[in-house]
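Chemist: Residue 36 in this note's numbering sits at position 36 of the sequence shown, and the numbers go up by one each step.
Shown below is the structure under consideration.
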Amino acid sequence: MANLNSNLKEIKGIGEKTSVILKKLGLSTVSDLLFYFPFRYEQYENVTEISDLKIGENVKVQGEIELIEGRRGRKRKMHLTEALINDGRETLKVIWFNQPYLAKSLKVGDRLSLSGKISDSYGQLTMVSPEYERMKIGEELIGKIGTNEKEVNEKNSSEKYAPTNLVPIYHLTEGHLTQKLLRTTIKKILPLGSGLKEWLPKDIIKELKLIPLQESLSLIHFPKDEKEIKRAKQRLAFSNLFLRQLKSQSIKKIIKSKSAPKINFQEEETRNFVNSLPFKLTDGQKKSAWEILKDLDKNQPMSRLLEGDVGSGKTLVAVIAMLNTALNAKKAALMVPSEILAAQHFKTISKLLEAYNFKITLKTRSYKIGNPEEADLVIGTQTLIQEKSVLKNLGLVIVDEQHRFGVNQRKKIIDLNKEGNSSPHFLSLTATPIPRSLSLAIYGDLDLSLIDELPLGRKKTKTKVYRESEREKVYDFIKKEIKNGRQAFFVYPLIKASDKISFKSAQEEYEKIADADFKEFKVALIHGKLKKDEKEKIMADFATKKIDILMATTVIEVGIDIPNATIILIEGANRFGLAQLHQLRGRVNRSNLESYCFLFPSNDEIKNEKTVERLESLEKYSRGLDLAKIDLSLRGGGEVFGSYQSGFFDLSVLALFDLETIKKSRDFAYKILEEDKDLKNYPLLKAKLGALDRDFHLE
């Protein structure tokens, strides 16, 4: 009998083909799919007449097929199904990608109800890859919800769940998986959710008036209205928030029971180091450094979060902490998100501290410079915690971008560091903007340091949203700047062209940029799939000005520091969140030179008022915290589960709760652990916590 642990291919009506496609998303079991949430919803109001359609709108239209045919696209791998739909007054062109069976299953004369976005990408009003339902003349819509009749039991899926104007949208993989097929498959396995046991304590559910877990799954996947979406999100997000608090506080209890090596403040050496710098520290840097140094001078493990906007100088504050640690004959380890960034930090820190003759090593999967066991300072990625040699004599661990480093990794450091009852000090660096009141509510007794200003003389990046018609003007400006000795980043949302997403890709545009538009300049392409030595050479050439334009994906998002690069052009800007765009923009504000950020949304989105409003906020605001608040107000927490599923906590989750509720989640967790530290009275909660394989960050 099917249950939550059943493999999807064993479920009647799903089939081998669909289960193979779902596995590409990491979905193998019934439980996996039940907890694969929509990242947004599309709202389709009443039927719109074709004559009233506007570009960029999500609409529902109904009409009869006048013509339908399938053909190969200009790229032979792509198959197009094209149709003309007439509603009795006007005709609309419809295109589906890589669904060749549609030309056989749909026929001239069939009446359809179609839901999708209107575009003018094909020279006329077009609906691209819409969802559809077949209609019978004189009858209401009937459920042909599946896209593959051999694998979908459509009767079962259409009878129980009434259609609504809210359509859940999920992240998909490349291949033949469609939104419709995914929804149909979820409908099929949803009744198996009755096997889920309620693990959240009853008194919490009652006090906060949360809905049961099973009901929340039904509502998150198939809501009737916005209220149901909110109720489902509140329950699921609170569960996430509460588990996070419980996990964090249980680890904190372990940490507080440990002692830490006392790092005595080396006042004279620190003063000499700061005075040797070619610039002055900001007040925020000075204050944060002093707070950290005072923590290090104690026998209790430091647990501090250093928050500062992009380019505010967090790394330099970390170097001051590393300097004091090494001068006390203890090892300091710095972990960063990527190998490129690790190599860059190794070079920068080695130069900053060259007068001290410290043994500085670089250790990642691809790089190994020096011996980590004998080192004073070790720089690398998360793989550092897998090295026992790194943990020997460890006094300080610094993690850049803390959401990528979880409590389980922190516990691993404690478990592997068997030198008595000792635990290293811990410092996290983040550019993720979180209001102080929320930080205190979420992180509880975490000590927070804040750098709230940019280095002296640093100018704001001039940012502007541009239309396609203005591209030549932008290109002329970039050429002028490059001729004056500057460099530029061109960033793309995709490495290569996609059949499903109509955005410019880095590979596709490379030839056009390198051989035509900017043929007089040196252009290179970098992305995450290149080999280590290829990426290393490209970045080295860019740093030494052998490359004028670096075309890239978001591999350059975090921390890459090229002071002479003063221009960033971002294609498909609507594809990125404001926080990510702000991070990208920070790549060109690394010196006192004037810097520029050019945003190009996709053609069909430039006419969407909400898209333009969101992007234009980057023109007005330069602080990440301001942009985070705007992003929340515009999204309304609507993409909460996009971040939830990626393994770290997102500020949008907090938008679902008031400050008091967030505090309660912390207080509930604290109370339960104080009364029952082993959770003997909460076996289901204990099992859930034990099975938790998501790594929430510690703080």
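Just so you know, even glycine gets a beta-carbon here, dropped at the ideal spot from N, CA and C.
1) Are L684 and K197 close, meaning C-beta to C-beta below 8 Å?
2) Check whether the segment 279 to 294 and the segment 241 to 257 are in contact - that is, three or more C-beta pairs closer than 8 Å.
3) Tell me the DSSP bridge mates of H425?
4) On the DSSP bridge assignment, give the partners of I65 in chain order.
5) What residue range is occupied by the uninterrupted beta strand (DSSP E) comprising D447?
6) Beta-carbon within less than 7 Å of I14's beta-carbon, same chain only, minus the 5 sequence neighbours each way: which residues are those?
7) Counting only runs of 3+ residues fully inside the segment 516 to 564, write out the beta strand (DSSP E) ranges in chain order.
8) Under 8 Å, Cβ to Cβ, is there at least one residue of chain B near F358?
9) Rounded to a whole number of angstroms, what is the C-alpha to C-alpha distance between K359 and E660?
10) Which one of K17, S595, R40 and E354 has the shortest CA to CA distance from V167?
11) Report the rounded CA-to-CA distance for S422 versus V317, giving the unit in angstroms.
12) Please state whether DSSP places Y41 in a helix, a strand or coil.
13) Going by alpha carbons, who is nearest to L756 out of A329, T381, F273 and S288?
14) Rounded to the nearest angstrom, what separates I379 and A355 at their Cα positions?
15) Just the C-alpha distance for E373 and L618, rounded to the nearest angstrom, thanks.
16) Output yes or no for whether 8 Å exceeds the beta carbon distance between M539 and E509.
17) Based on DSSP bridge pairs, tell me the residues matched to H221.
18) Is the beta carbon of G395 sitting closer than 8 Å to the one on N299?
19) Can you name the residues that DSSP bridges to K363?
20) Given this structure, state the Cα-to-Cα distance separating F490 from L219, to the nearest angstrom.
21) Roughly how many angstroms separate the alpha carbons of S51 and V61, rounded to a whole number?
22) Consult DSSP for W96 and reduce its assignment to one of helix, strand or coil.
23) Taking Cβ to Cβ, would you say L114 is nearer than 8 Å to M127?
24) Out of K473, A343, T383 and P424, which has the shortest C-alpha to C-alpha gap to T325?
25) Express the C-alpha separation of I630 and A488 in angstroms, rounding to a whole number.
26) I'd like to check one pair, A431 with V310: are the Cβ atoms closer than 8 Å?
27) Span of the beta strand (DSSP E) holding T126?
28) Give me the residue from K331, R72 and S366 with the minimum Cα distance to N393.
29) Would you mind giving the Cβ-Cβ distance between F598 and K464, rounded to the nearest angstrom? I have them listed as a contact below 8 Å.
30) Span of the alpha helix (DSSP H) holding Y510?
31) If you run the structure through DSSP and keep just helix, strand and coil, what is L109?
32) By the 10 Å Cβ neighbour count, where 16 or more other Cβ atoms means buried, how is N592 classified, buried or exposed?
33) Keeping to the same chain, check which residues put their C-beta closer than 6 Å to that of R235; ignore five residues upstream and five downstream.
34) For L114, which residues does DSSP report across the bridge?
35) How close, in whole Å, do the beta carbons of S428 and V399 come, if the pair is a contact with beta carbons under 8 Å?
36) Within a Cβ cutoff of 8 Å, which residues of the same chain sit near K496, ignoring the five residues on either side of it in sequence?
Modeler: In short:
1) As a working mapping, residue 684 is identified with position 684 in the sequence shown. As a working mapping, residue 197 is identified with position 197 in the sequence shown. A contact, by the Cβ cut-off of 8 Å.
2) no
3) For the purposes of this step, residue 425 is identified with residue 425 of the sequence shown, where counting begins at 1. Paired residue(s): L396.
4) The count along the sequence shown starts at 1 and reaches residue 65 at position 65. Answer is I85, bridged to I65.
5) The residue labelled residue 447 in the question sits at position 447 within the sequence shown. Here the beta strand (DSSP E) through D447 covers D447 to I451.
6) In the sequence shown, residue 14 corresponds to position 14, counting from 1. The answer, listed in chain order, is L8, E151, T185 and K188.
7) 523 to 526 and 549 to 552
8) This model lacks chain B altogether; it includes just one protein chain.
9) As a working mapping, residue 359 is identified with position 359 in the sequence shown. As a working mapping, residue 660 is identified with position 660 in the sequence shown. Straight-line Cα distance between these residues: approximately 48 Å.
10) The sequence position of residue 167 within the sequence shown is 167, counting from 1. Of K17, S595, R40 and E354, the residue nearest in Cα terms is R40.
11) Here residue 422 is taken as the residue at index 422 of the sequence shown, counted from 1. Here residue 317 is taken as the residue at index 317 of the sequence shown, counted from 1. So the two alpha carbons sit approximately 24 Å from each other.
12) Here residue 41 refers to the residue found at position 41 of the sequence shown. Y41 falls in the strand class under three-state DSSP.
13) Absent from the structure is residue 756, since the part of the chain shown begins at 1 and ends at 699.
14) Your numbering for residue 379 matches position 379 in the sequence shown. Your numbering for residue 355 matches position 355 in the sequence shown. For I379 and A355, the distance between alpha carbons rounds to 18 Å.
15) As a first step, residue 373 must be located in the sequence shown, where it is residue number 373. As a first step, residue 618 must be located in the sequence shown, where it is residue number 618. Answer to the nearest angstrom: the Cα atoms are 45 Å apart.
16) Here residue 539 refers to the residue found at position 539 of the sequence shown. Here residue 509 refers to the residue found at position 509 of the sequence shown. No, the Cβ-Cβ distance between M539 and E509 is not below 8 Å.
17) The count along the sequence shown starts at 1 and reaches residue 221 at position 221. Its beta-bridge partners do not exist; DSSP assigns none.
18) Numbered from 1 along the sequence shown, position 395 holds the residue referred to as residue 395. Numbered from 1 along the sequence shown, position 299 holds the residue referred to as residue 299. Not a contact, by the Cβ cut-off of 8 Å.
19) To locate residue 363, count along the sequence shown from 1; it is residue 363. According to DSSP, K363 bridges with K368 and G380.
20) As a position in the sequence shown, residue 490 is number 490, starting the count at 1. As a position in the sequence shown, residue 219 is number 219, starting the count at 1. Going from the Cα of F490 to the Cα of L219 covers about 41 Å.
21) Within the sequence shown, residue 51 is the residue found at index 51, counting from 1. Within the sequence shown, residue 61 is the residue found at index 61, counting from 1. Whole-angstrom Cα-Cα distance: 10 Å.
22) As a working mapping, residue 96 is identified with position 96 in the sequence shown. Reduced to three states, the DSSP call for W96 is strand.
23) To locate residue 114, count along the sequence shown from 1; it is residue 114. To locate residue 127, count along the sequence shown from 1; it is residue 127. Yes, the Cβ-Cβ distance between L114 and M127 is below 8 Å.
24) On the sequence shown, residue 325 is found 325 positions in, with the first residue counted as 1. The candidate whose alpha carbon is nearest that of T325 is P424.
25) Translated into the one-based positions of the sequence shown, residue 488 becomes position 488. Translated into the one-based positions of the sequence shown, residue 630 becomes position 630. C-alpha separation (whole angstroms): 28 Å.
26) The residue given as residue 310 occupies position 310 in the sequence shown. The residue given as residue 431 occupies position 431 in the sequence shown. Going by C-beta atoms, V310 is nearer than 8 Å to A431.
27) Counting from 1 along the sequence shown, the entry for residue 126 is found at position 126. Segment T126 to V128, the beta strand (DSSP E) holding T126.
28) Working through the sequence shown from its first residue, we reach residue 393 at position 393. Closest option to N393, Cα to Cα, is K331.
29) Your numbering for residue 598 matches position 598 in the sequence shown. Your numbering for residue 464 matches position 464 in the sequence shown. Indeed, because the Cβ distance is near 7 Å, the residues count as touching under 8 Å.
30) Here residue 510 refers to the residue found at position 510 of the sequence shown. Where Y510 is concerned, the enclosing alpha helix (DSSP H) stretches over A506 to K512.
31) Counting from one through the sequence shown, the residue named residue 109 turns up at place 109. The residue you asked about is not Leu; residue 109 is Gly in the sequence shown. If DSSP states are grouped into helix, strand and coil, G109 belongs with coil.
32) Your numbering for residue 592 matches position 592 in the sequence shown. By the neighbour-count criterion, in which 16 or more other beta carbons inside 10 Å mark a residue as buried, N592 falls on the exposed side.
33) Position 235 of the sequence shown, counting from 1, holds the residue named residue 235. Apart from sequence neighbours up to five positions away, the residues of its chain that approach R235 with a beta-carbon distance below 6 Å are L210, I211 and S216, ordered along the chain.
34) Sequence index remark: in the sequence shown, residue 114 carries index 114 (1-based). Answer by DSSP bridge pairing, in chain order: V61 and Y132.
35) Counting from one through the sequence shown, the residue named residue 428 turns up at place 428. Counting from one through the sequence shown, the residue named residue 399 turns up at place 399. Correct: roughly 5 Å between the Cβ atoms.
36) What you label residue 496 is simply residue 496 of the sequence shown in a count that begins at 1. Here the set comprises S505, A506, Q507 and E508.
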